[in-house]
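Visitor: Numbering (UniProt numbering), first residue to last: 1 to 233.
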(Lines of atoms letter the chains of each structure in order from A; the text may use other names.)
(Lines give C-alpha, C1' and ligand atoms only; values in the text may rest on other atoms or scores of the structure.)
Protein backbone atom coordinates (compact mmCIF):
# COMPACT_ATOMS: atom_id res chain seq x y z
CA UNK A 1 0.00 0.00 0.00
CA UNK A 2 2.90 2.44 -0.53
CA UNK A 3 0.85 4.56 -2.95
CA UNK A 4 -1.80 5.13 -0.31
CA UNK A 5 0.84 6.11 2.27
CA UNK A 6 2.38 8.56 -0.16
CA UNK A 7 -1.00 10.15 -0.88
CA UNK A 8 -1.72 10.44 2.83
CA UNK A 9 1.65 12.09 3.44
CA UNK A 10 1.08 14.44 0.52
CA UNK A 11 -2.38 15.37 1.77
CA UNK A 12 -1.03 15.95 5.30
CA UNK A 13 1.77 18.15 3.94
CA UNK A 14 -0.67 20.24 1.92
CA UNK A 15 -2.96 20.54 4.93
CA UNK A 16 -0.08 21.72 7.13
CA UNK A 17 0.97 24.27 4.51
CA UNK A 18 -2.59 25.57 4.26
CA UNK A 19 -2.86 25.86 8.05
CA UNK A 20 0.46 27.72 8.18
CA UNK A 21 -0.82 30.23 5.65
CA UNK A 22 -4.11 30.64 7.51
CA UNK A 23 -2.35 31.05 10.88
CA UNK A 24 0.23 33.51 9.56
CA UNK A 25 -0.58 36.95 10.92
CA UNK A 26 -0.41 40.13 8.91
CA UNK A 27 1.55 42.93 10.57
CA UNK A 28 1.19 46.65 9.90
CA UNK A 29 3.36 49.50 11.17
CA UNK A 30 1.61 52.88 11.14
CA UNK A 31 3.04 56.27 12.07
CA UNK A 32 0.47 58.56 13.68
CA UNK A 33 1.17 62.20 14.54
CA UNK A 34 -0.17 63.88 17.68
CA UNK A 35 0.00 67.64 17.21
CA UNK A 36 -1.56 70.81 18.61
CA UNK A 37 -0.82 73.79 20.82
CA UNK A 38 1.49 73.69 23.83
CA UNK A 39 -0.37 72.42 26.91
CA UNK A 40 -3.31 70.89 25.02
CA UNK A 41 -2.59 67.49 26.58
CA UNK A 42 -0.88 65.59 23.75
CA UNK A 43 1.67 63.84 25.96
CA UNK A 44 -1.02 63.00 28.54
CA UNK A 45 -3.17 61.37 25.85
CA UNK A 46 -0.27 59.23 24.63
CA UNK A 47 0.76 58.22 28.16
CA UNK A 48 -2.81 57.26 28.99
CA UNK A 49 -3.27 55.25 25.78
CA UNK A 50 0.08 53.45 25.77
CA UNK A 51 0.82 53.07 29.50
CA UNK A 52 -2.62 53.59 31.14
CA UNK A 53 -0.99 56.31 33.21
CA UNK A 54 -1.85 59.94 34.01
CA UNK A 55 0.10 62.63 35.83
CA UNK A 56 -0.58 66.31 36.42
CA UNK A 57 3.14 67.05 36.19
CA UNK A 58 4.34 66.44 32.65
CA UNK A 59 7.07 68.73 31.39
CA UNK A 60 6.66 70.29 27.97
CA UNK A 61 7.90 68.06 25.15
CA UNK A 62 11.03 69.40 23.47
CA UNK A 63 11.28 68.65 19.76
CA UNK A 64 9.67 65.25 19.22
CA UNK A 65 9.09 62.06 21.17
CA UNK A 66 7.30 58.85 20.26
CA UNK A 67 5.74 55.80 21.87
CA UNK A 68 4.87 52.36 20.50
CA UNK A 69 1.53 50.60 20.98
CA UNK A 70 0.94 47.04 19.72
CA UNK A 71 -2.66 46.08 18.89
CA UNK A 72 -3.94 42.56 18.32
CA UNK A 73 -6.47 43.97 15.90
CA UNK A 74 -8.09 40.65 15.01
CA UNK A 75 -6.98 36.98 14.96
CA UNK A 76 -5.08 37.56 11.69
CA UNK A 77 -3.77 41.10 12.19
CA UNK A 78 -1.21 42.79 14.42
CA UNK A 79 -0.93 46.58 14.21
CA UNK A 80 2.03 48.49 15.60
CA UNK A 81 1.34 52.18 16.14
CA UNK A 82 4.14 54.72 16.38
CA UNK A 83 2.60 57.74 18.12
CA UNK A 84 4.73 60.80 17.44
CA UNK A 85 4.38 63.55 20.02
CA UNK A 86 5.32 66.81 18.27
CA UNK A 87 6.08 69.69 20.64
CA UNK A 88 3.61 72.58 20.49
CA UNK A 89 6.42 75.12 20.19
CA UNK A 90 7.66 73.33 17.05
CA UNK A 91 4.58 74.41 15.10
CA UNK A 92 4.97 75.47 11.51
CA UNK A 93 8.78 75.22 11.66
CA UNK A 94 10.92 73.72 8.93
CA UNK A 95 11.57 70.60 11.00
CA UNK A 96 7.92 69.59 11.02
CA UNK A 97 8.26 68.36 7.44
CA UNK A 98 10.86 65.86 8.67
CA UNK A 99 8.72 64.84 11.65
CA UNK A 100 5.62 64.37 9.48
CA UNK A 101 7.36 62.18 6.89
CA UNK A 102 5.68 58.80 6.25
CA UNK A 103 2.80 59.48 8.66
CA UNK A 104 -0.50 57.86 7.64
CA UNK A 105 -2.78 59.46 10.21
CA UNK A 106 -2.91 62.29 12.74
CA UNK A 107 -4.63 63.65 15.81
CA UNK A 108 -4.87 67.40 16.31
CA UNK A 109 -5.50 68.14 19.98
CA UNK A 110 -6.99 71.27 21.54
CA UNK A 111 -7.85 72.17 25.13
CA UNK A 112 -11.59 72.72 25.69
CA UNK A 113 -10.78 75.12 28.56
CA UNK A 114 -8.78 77.45 26.30
CA UNK A 115 -10.55 78.66 23.19
CA UNK A 116 -7.28 79.98 21.72
CA UNK A 117 -6.08 76.40 21.26
CA UNK A 118 -9.08 75.70 19.02
CA UNK A 119 -8.35 78.87 17.04
CA UNK A 120 -4.88 77.46 16.29
CA UNK A 121 -6.21 74.12 15.04
CA UNK A 122 -6.75 75.31 11.47
CA UNK A 123 -3.10 76.38 11.21
CA UNK A 124 -1.98 72.96 12.38
CA UNK A 125 -4.31 71.31 9.86
CA UNK A 126 -3.10 73.48 6.98
CA UNK A 127 0.53 72.81 7.92
CA UNK A 128 -0.15 69.08 8.12
CA UNK A 129 -1.94 68.92 4.75
CA UNK A 130 0.83 70.91 3.04
CA UNK A 131 3.66 68.71 4.32
CA UNK A 132 2.40 65.11 4.21
CA UNK A 133 0.04 63.24 1.89
CA UNK A 134 -0.85 59.68 1.07
CA UNK A 135 0.85 58.14 -1.97
CA UNK A 136 -2.11 59.14 -4.16
CA UNK A 137 -1.71 62.79 -3.09
CA UNK A 138 -4.75 62.92 -0.81
CA UNK A 139 -4.55 64.23 2.79
CA UNK A 140 -3.86 61.74 5.56
CA UNK A 141 -6.89 61.08 7.80
CA UNK A 142 -6.95 63.46 10.74
CA UNK A 143 -9.12 63.31 13.85
CA UNK A 144 -9.78 66.33 16.08
CA UNK A 145 -9.55 65.71 19.84
CA UNK A 146 -11.37 68.11 22.18
CA UNK A 147 -9.28 67.29 25.22
CA UNK A 148 -9.83 67.90 28.96
CA UNK A 149 -13.58 67.36 28.60
CA UNK A 150 -13.74 66.59 32.33
CA UNK A 151 -13.30 70.35 32.93
CA UNK A 152 -15.59 73.33 32.20
CA UNK A 153 -15.62 74.07 28.47
CA UNK A 154 -14.98 77.44 26.87
CA UNK A 155 -16.50 78.80 23.66
CA UNK A 156 -17.89 76.96 20.64
CA UNK A 157 -17.02 73.50 21.95
CA UNK A 158 -20.18 73.79 24.08
CA UNK A 159 -22.15 73.41 20.84
CA UNK A 160 -21.38 69.98 19.30
CA UNK A 161 -23.31 70.76 16.12
CA UNK A 162 -20.93 73.65 15.44
CA UNK A 163 -17.92 71.38 15.90
CA UNK A 164 -19.61 68.94 13.49
CA UNK A 165 -19.81 71.72 10.88
CA UNK A 166 -16.24 72.79 11.61
CA UNK A 167 -14.95 69.23 11.02
CA UNK A 168 -16.81 68.92 7.73
CA UNK A 169 -15.60 72.31 6.55
CA UNK A 170 -11.95 71.65 7.50
CA UNK A 171 -11.90 68.03 6.21
CA UNK A 172 -11.40 66.22 9.50
CA UNK A 173 -12.25 62.52 9.51
CA UNK A 174 -14.09 63.01 12.78
CA UNK A 175 -13.86 64.40 16.30
CA UNK A 176 -14.04 63.15 19.88
CA UNK A 177 -14.27 64.75 23.28
CA UNK A 178 -11.43 63.21 25.29
CA UNK A 179 -10.00 63.28 28.79
CA UNK A 180 -6.59 61.81 29.53
CA UNK A 181 -7.25 62.26 33.24
CA UNK A 182 -10.52 60.29 33.22
CA UNK A 183 -9.59 58.04 30.26
CA UNK A 184 -12.53 59.18 28.12
CA UNK A 185 -12.75 58.23 24.42
CA UNK A 186 -9.00 57.82 23.83
CA UNK A 187 -9.20 54.15 22.82
CA UNK A 188 -12.35 54.87 20.78
CA UNK A 189 -10.71 57.76 18.92
CA UNK A 190 -7.63 55.68 18.11
CA UNK A 191 -9.72 52.74 16.90
CA UNK A 192 -11.68 55.11 14.67
CA UNK A 193 -8.49 56.56 13.16
CA UNK A 194 -6.94 53.11 12.62
CA UNK A 195 -10.11 52.02 10.80
CA UNK A 196 -9.69 55.00 8.48
CA UNK A 197 -6.04 54.09 7.89
CA UNK A 198 -6.93 50.48 7.10
CA UNK A 199 -9.64 51.66 4.70
CA UNK A 200 -7.10 53.85 2.89
CA UNK A 201 -4.67 50.92 2.74
CA UNK A 202 -7.27 48.79 0.98
CA UNK A 203 -8.11 51.54 -1.50
CA UNK A 204 -4.47 52.33 -2.30
CA UNK A 205 -3.55 48.66 -2.63
CA UNK A 206 -6.54 47.91 -4.85
CA UNK A 207 -8.55 45.91 -2.34
CA UNK A 208 -11.53 43.92 -3.52
CA UNK A 209 -15.07 45.28 -3.49
CA UNK A 210 -15.90 42.96 -0.58
CA UNK A 211 -12.87 44.23 1.36
CA UNK A 212 -14.11 47.76 0.81
CA UNK A 213 -17.61 46.84 2.01
CA UNK A 214 -16.17 45.22 5.13
CA UNK A 215 -14.03 48.30 5.80
CA UNK A 216 -17.01 50.61 5.30
CA UNK A 217 -18.93 48.52 7.83
CA UNK A 218 -16.13 48.99 10.36
CA UNK A 219 -16.32 52.75 9.88
CA UNK A 220 -20.10 52.68 10.17
CA UNK A 221 -19.97 50.61 13.34
CA UNK A 222 -17.48 53.05 14.82
CA UNK A 223 -19.46 56.14 13.84
CA UNK A 224 -22.76 54.80 15.18
CA UNK A 225 -21.67 54.79 18.83
CA UNK A 226 -24.48 56.88 20.29
CA UNK A 227 -22.78 57.13 23.67
CA UNK A 228 -19.76 58.96 22.20
CA UNK A 229 -19.58 62.51 20.92
CA UNK A 230 -18.23 62.01 17.43
CA UNK A 231 -18.49 63.74 14.09
CA UNK A 232 -17.86 61.54 11.05
CA UNK A 233 -17.22 63.80 8.12
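Heads up, the beta-carbon is just placed ideally off N, CA and C, and yes, glycines get one too. Note that this is a predicted model, so its numbers are computed, not measured.
The alpha helix (DSSP H) that contains residue 198, what's its start and end?
Guide: 186-204 is the span of the alpha helix (DSSP H), which, as asked, contains residue 198.
Visitor: Assuming residue 131 and residue 166 make a contact with CB atoms under 8 Å, what is their CB distance in whole Å?
Guide: Contact doesn't hold; Cβ gap of about 22 Å is too wide.
Visitor: Only counting the same chain, and skipping five residues up and downstream in sequence, which positions put a Cβ closer than 8 Å to that of residue 133?
Guide: Taken in chain order, the residues that qualify are 139, 140.
Visitor: Hey, is the stretch 24-39 in contact with the stretch 79-89, meaning 3+ C-beta pairs nearer than 8 Å?
Guide: Result yes; three or more Cβ-Cβ pairs closer than 8 Å.
Visitor: What residues are listed by DSSP as bridge partners for residue 68?
Guide: According to DSSP, which records beta bridges pairwise, residue 68 is partnered with 82.
Visitor: Can you tell which of 185, 144, 45, 55 has the C-alpha that lies nearest to the C-alpha of residue 175?
Guide: Here the closest residue by C-alpha is 144.
Visitor: So if DSSP puts residue 139 in a beta bridge, which residue, or which two residues, is it bridged to?
Guide: Beta-bridge pairing links residue 139 to 133.
Visitor: What's the gap between the Cα of residue 150 and the Cα of residue 102?
Guide: Whole-angstrom Cα-Cα distance: 33 Å.
Visitor: Whose CA, out of 201, 203, 185, 195, lies closest to the CA of residue 46?
Guide: Of 201, 203, 185, 195, the residue nearest in Cα terms is 185.
Visitor: In whole angstroms, what is the alpha-carbon distance linking residue 74 and residue 115?
Guide: Between residue 74 and residue 115, the C-alpha separation is close to 39 Å.
Visitor: Thinking C-beta only, is residue 111 closer than 8 Å to residue 243?
Guide: Given a span of 1 to 233 for the chain in the structure shown, any question on residue 243 remains unanswerable.
Visitor: Can you name, in chain order, every residue of its own chain whose Cβ lies under 8 Å from the Cβ of residue 26, other than the five neighbours on each side?
Guide: Closer than 8 Å at Cβ, skipping near neighbours: 76, 77, 78.
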